[in-house]
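Shown next, in C-alpha cells, is the structure this report addresses.
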Amino acid sequence: MQWILDHTLDHELTSLPCDADPRWIVDWLYVLDHVDALQPVRTGDASSYDTYPRYRITPGHRLAPEDVSLRRTVHTTTVIAARRTLTSPRELPPAQVSIPGTLDLAYICFGTPLRTLAHLNVLREALLHDITEIHHRWHDEIVFQLETPATLTLLDRIPRPLQPAAARLLAHQITRLIRASPAETAWILHLCHGDLNHEPLVIPPTLAPAVRIIRAVHRQLARIGLPMPPVHIPMCTGTTAPAAGAAYYRPLTHLPDDVQVIAGLVDEHHRPESARALELAENALDRPVTAVAAACGHGRRTPADTESNAALARTLAAAPHRRFAHHRKTERTA
Numbered sequence: 000m001q002w003i004l005d006h007t008l009d010h011e012l013t014s015l016p017c018d019a020d021p022r023w024i025v026d027w028l029y030v031l032d033h034v035d036a037l038q039p040v041r042t043g044d045a046s047s048y049d050t051y052p053r054y055r056i057t058p059g060h061r062l063a064p065e066d067v068s069l070r071r072t073v074h075t076t077t078v079i080a081a082r083r084t085l086t087s088p089r090e091l092p093p094a095q096v097s098i099p100g101t102l103d104l105a106y107i108c109f110g111t112p113l114r115t116l117a118h119l120n121v122l123r124e125a126l127l128h129d130i131t132e133i134h135h136r137w138h139d140e141i142v143f144q145l146e147t148p149a150t151l152t153l154l155d156r157i158p159r160p161l162q163p164a165a166a167r168l169l170a171h172q173i174t175r176l177i178r179a180s181p182a183e184t185a186w187i188l189h190l191c192h193g194d195l196n197h198e199p200l201v202i203p204p205t206l207a208p209a210v211r212i213i214r215a216v217h218r219q220l221a222r223i224g225l226p227m228p229p230v231h232i233p234m235c236t237g238t239t240a241p242a243a244g245a246a247y248y249r250p251l252t253h254l255p256d257d258v259q260v261i262a263g264l265v266d267e268h269h270r271p272e273s274a275r276a277l278e279l280a281e282n283a284l285d286r287p288v289t290a291v292a293a294a295c296g297h298g299r300r301t302p303a304d305t306e307s308n309a310a311l312a313r314t315l316a317a318a319p320h321r322r323f324a325h326h327r328k329t330e331r332t333a
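Written out as C-alpha cells, the structure is:
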C-alpha cells in the first residue's frame, strides 16, 4: 500500500488495494481440500483455466457457510493496522477489500452448472458474514470491490437473442449481494474478462456485453433506491492492446449519465493505444471517465511492469480531457 501511494504522487486514488493472494482466490481453493464436507473431483496447480481444483459435496455431509469462508475479516484486520501506519501528503483513500462474486466462487469451486446453482446461497451467506462484520468494524475506512469475471464470460457464451434476459439474471446475482449487505456499504463493481497468467477467458468484439450488465445492475438497484457503484470496465486484456476503433467503444453511449466509469485500459506495453482508447471511451461517454486502471490489477505483473503501468496511469489521468461528441443521447437498449 505504501508503494502504491509513493507511485501515485499527487493523483487521487479511488481506493487502496492490498490483497493477500495475487492469484485472486487460488489459495482459498486449496484450503477447501481440508473441508470435510467437500471432496476433490479434480486436482491441479491452477496454472491454467483447466487445472483449477474442483470439488463436490462429500456424501452424508452438508456444506455450511463457515466451510467456504474467505476469511476476509482476518486479512482486513491486518490491512487496516498497516494502513494506519502509512505516510501520505493527501488524505488516505479507503482500503479496498476484494469480494469475489457469488457466482464466480460457486463456478470455480464446483465447475458444473448443477453444483454451481445448488450452492449459491451457502457461498452468499459466507460472503455476507465477512461483509457485514468488516463494514461494522471499519465503516468508511474500507470499500468493497465486487469482482466478477464469470459475468462477462457467461454472457459471451449465450446466443445474442438471449443475452438481454441473461444479463438480467446475471445482474441479479450482483445486486442480490449488494442488497443483502448493510445499507451504507461502499462498493466498486469490477467486471473482468479473466486474467489467469494474463490470459483472458473471453475477448468480446465490443463493450456491448459489459454495457448490458451495467444497465441491468443500474435498473435493479434504482428500483429499490440504492446507488449505482462505480464500475471498472475492462477495455483490454493481458494479451491484447486496447481497441483502436471507435465502434468498440460506441456501446458506452448507452450508459446512464450517473454511472461512474473506471476505464480498465492502462496497458504499459501499448502506451499509444491506451491513450487513444481513453479518448475514444470519453468521446463515446460524452464525459470524462472517473478513473483509469489496468484491465485486471497488478497481481500478475512483474515489479518493473507494475511500475511502468502506474507511470502510464499517472500520465493518462493527468492528460487534458479530450473533446467530446456533444450529442444528445437517446434511450435505447444496448
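Numbering (numbering that gives the first Met the number 0), first residue to last: 0 to 333.
We put the CB at the ideal spot given by N, CA and C, even for glycine.
Quiz item: Just the Cα atoms here: how many angstroms apart are Ser273 and His10?
Solution: Locating residue 273 in the sequence shown gives position 274, where the first residue counts as 1. Locating residue 10 in the sequence shown gives position 11, where the first residue counts as 1. Approximately 18 angstroms between the Cα atoms of the pair.
Quiz item: Among His6, Ala117, Ala262, His128, which has the Cα closest to the Cα of Val210?
Solution: Within the sequence shown, residue 210 is the residue found at index 211, counting from 1. Among His6, Ala117, Ala262, His128, the Cα nearest to that of Val210 is on Ala262.
Quiz prompt | Per DSSP, the bridge partner or partners of Ile261 | solution = As a first step, residue 261 must be located in the sequence shown, where it is residue number 262. Residue pairing for Ile261: DSSP places it in a beta bridge opposite His231, Ala290.
Exercise. Note down, in chain order, each residue of its chain lying with its Cβ closer than 8 angstroms to the Cβ of His325, except the 5 sequence neighbours on either side.
Key: Sequence index remark: in the sequence shown, residue 325 carries index 326 (1-based). Only weak support exists for where His325 lies, its pLDDT of 44 falling under 50; the value from the coordinates is given anyway. The residues Asp285, in chain order, have a CB closer than 8 angstroms to that of His325 in the same chain once the five nearest residues on each side in sequence are set aside.
Self-check item: Residues near Pro16 by beta carbon distance below 6 angstroms, same chain, minus five either side
Solution: Indexing the sequence shown from 1 puts residue 16 at position 17. The answer, listed in chain order, is Gln95.
Self-check item: Closest Cα partner of Ala316 within the set Gln1, Leu12, Trp2, Ile3
Solution: In the sequence shown, the residue the question calls residue 316 occupies position 317. Per the Cα distances, Leu12.
Quiz item: My guess is that Gly298 and Pro21 are in contact by the Cβ rule of under 8 angstroms, so how many angstroms apart are they, rounded?
Solution: Here residue 298 is taken as the residue at index 299 of the sequence shown, counted from 1. Here residue 21 is taken as the residue at index 22 of the sequence shown, counted from 1. Confirmed, Cβ separation roughly 4 angstroms.
Exercise. Using three-state DSSP, classify Ile223 as helix, strand or coil.
Key: Start at 1 with the first residue of the sequence shown, and residue 223 comes out as number 224. Three-state DSSP puts Ile223 in coil, outside helix and strand.
Quiz item: Are the region 190 to 206 and the region 228 to 236 in contact at 8 angstroms, needing three or more beta carbon pairs?
Solution: yes
Self-check item: Residue(s) in a DSSP beta bridge with His189
Solution: In the sequence shown, the residue the question calls residue 189 occupies position 190. BP columns for His189 point to Glu146, His231.
Exercise. Taking only the alpha-carbon atoms, compute the straight-line gap between Pro203 and Asp155 and give it to the nearest angstrom.
Key: Numbered from 1 along the sequence shown, position 204 holds the residue referred to as residue 203. Numbered from 1 along the sequence shown, position 156 holds the residue referred to as residue 155. In this structure, the straight-line span from the alpha carbon of Pro203 to that of Asp155 is close to 7 angstroms.
Quiz item: Residues in its own chain within less than 7 angstroms of Ser97 by CB, not counting five upstream and five downstream?
Solution: Looking up residue 97 in the sequence shown gives position 98. Same-chain partners within the cutoff: Asp18, Gln144, Glu146.
Exercise. Give the straight-line distance between the Cα atoms of Ala170 and Pro226, rounded to the nearest whole angstrom.
Key: Here residue 170 refers to the residue found at position 171 of the sequence shown. Here residue 226 refers to the residue found at position 227 of the sequence shown. Rounded to whole angstroms, Ala170 to Pro226 spans 15 angstroms at the Cα level.
Quiz item: With 16 as the cutoff for other CB atoms within 10 Å, does Asp129 come out buried or exposed?
Solution: In the sequence shown, residue 129 corresponds to position 130, counting from 1. It is buried - the Cβ of Asp129 has at least 16 other Cβ atoms within 10 Å.
Practice problem: Answer yes or no: do Leu126 and Thr86 have a C-beta to C-beta separation smaller than 9 angstroms? | Solution: Your numbering for residue 126 matches position 127 in the sequence shown. Your numbering for residue 86 matches position 87 in the sequence shown. Result no, Cβ atoms of Leu126 and Thr86 do not sit closer than 9 angstroms.
Quiz item: Under the DSSP definition of a beta bridge, which residues are partnered with Val96?
Solution: Position 97 of the sequence shown, counted from the first residue, corresponds to residue 96. According to DSSP, which records beta bridges pairwise, Val96 is partnered with Phe143.
Practice problem: State the DSSP-derived secondary structure class of Ile183, mapped to helix, strand or coil. | Solution: The residue you call residue 183 lines up with position 184 of the sequence shown. Going by the sequence as given, residue 183 is Glu instead of Ile. The answer is coil: DSSP assigns Glu183 none of H, G, I, E or B.
Quiz item: Of all Cβ atoms in chain C, is any one closer than 9 angstroms to the Cβ of Tyr51?
Solution: As a matter of chain content, chain C is missing from the structure shown, which is built from one protein chain.
Quiz item: Which whole-angstrom value describes the C-beta separation of Val258 and His197, a residue pair presumed to lie in contact below a C-beta threshold of 8 angstroms?
Solution: By 1-based counting over the sequence shown, the position of residue 258 is 259. By 1-based counting over the sequence shown, the position of residue 197 is 198. Contact between Val258 and His197 does not hold, since the beta-carbon distance rounds to 27 angstroms and is not under 8 angstroms.
Practice problem: With a floor of 3 residues, list each beta strand (DSSP E) that falls wholly inside the region 27 to 103, ordered by position along the chain. | Solution: You should have 37 to 41, 53 to 56, 94 to 99.
Quiz prompt | Euclidean distance between Cα positions of Met0 and Glu140 | solution = Mapped onto the sequence shown, residue 0 falls at position 1. Mapped onto the sequence shown, residue 140 falls at position 141. Rounded to whole angstroms, Met0 to Glu140 spans 14 angstroms at the Cα level.
Quiz prompt | Identified DSSP bridge partners for Glu198 | solution = The residue given as residue 198 occupies position 199 in the sequence shown. DSSP lists Leu195 as partners of Glu198.
Practice problem: For Pro241, name the three-state secondary structure that DSSP assigns. | Solution: Sequence index remark: in the sequence shown, residue 241 carries index 242 (1-based). Reduced to three states, the DSSP call for Pro241 is coil.
Practice problem: Give me the Cα-Cα distance between Ile56 and Leu113, rounded to the nearest whole angstrom. | Solution: Locating residue 56 in the sequence shown gives position 57, counting from the first residue. Locating residue 113 in the sequence shown gives position 114, counting from the first residue. So the two alpha carbons sit approximately 12 angstroms from each other.
Practice problem: Find out if the Cβ-Cβ distance for the pair Ala34, Asp5 is shorter than 9 angstroms. | Solution: Translated into positions along the sequence shown, residue 34 becomes position 35. Translated into positions along the sequence shown, residue 5 becomes position 6. Contrary to the premise, residue 34 reads as Val rather than Ala in this sequence. No.
Quiz item: Pick from Ser307, Ala149, Arg313, Ala290: whose alpha carbon is nearest that of Leu195?
Solution: Within the sequence shown, residue 195 is the residue found at index 196, counting from 1. Of Ser307, Ala149, Arg313, Ala290, the residue nearest in Cα terms is Ala149.
Quiz item: Applying the criterion that 16 or more other CB atoms from any shown protein chain within 10 Å of the CB defines a buried residue, is Thr76 buried or exposed?
Solution: Along the sequence shown, read from residue 1 onward, the residue named residue 76 stands at position 77. Classification for Thr76: exposed.
Quiz prompt | Beta-carbon proximity of Ile24 to Thr72, cut-off 9 angstroms | solution = As a first step, residue 24 is located in the sequence shown; it is residue number 25 there, counting from the start. As a first step, residue 72 is located in the sequence shown; it is residue number 73 there, counting from the start. It is not a contact, given that the beta carbons lie outside the stated cut-off.
Self-check item: Element boundaries [alpha helix (DSSP H), containing Ala309]
Solution: Mapped onto the sequence shown, residue 309 falls at position 310. Its alpha helix (DSSP H) spans residues 302 to 317.
Self-check item: Inter-residue Cα distance where the pair is Thr329 and Glu278
Solution: Here residue 329 refers to the residue found at position 330 of the sequence shown. Here residue 278 refers to the residue found at position 279 of the sequence shown. Any reading at Thr329 is ruled out, since the residue's pLDDT is 37, under 50, leaving its predicted position unreliable.
Quiz item: Quick one, which of Ala185, Arg222, Pro99 has its alpha-carbon nearest His135's?
Solution: Counting from one through the sequence shown, the residue named residue 135 turns up at place 136. If we check each option's Cα against that of His135, Ala185 comes out closest.
Exercise. Just grab the DSSP bridge partners of Leu15 for me.
Key: Here residue 15 refers to the residue found at position 16 when the sequence shown is read from its first residue. Beta-bridge pairing links Leu15 to Ala94.
Quiz prompt | Of the listed residues Ser180, Pro199, Pro208, nearest to Pro160 (C-alpha basis) | solution = Looking up residue 160 in the sequence shown gives position 161. Residue Pro208 is the option with its Cα nearest to Pro160.
Quiz prompt | Supposed contact pair Ser14 and Ile173 - C-beta distance, whole angstroms, cut 8 angstroms | solution = Counting from one through the sequence shown, the residue named residue 173 turns up at place 174. Counting from one through the sequence shown, the residue named residue 14 turns up at place 15. With 8 angstroms as the limit, Ile173 and Ser14 do not qualify as a contact, their Cβ atoms being about 18 angstroms apart.
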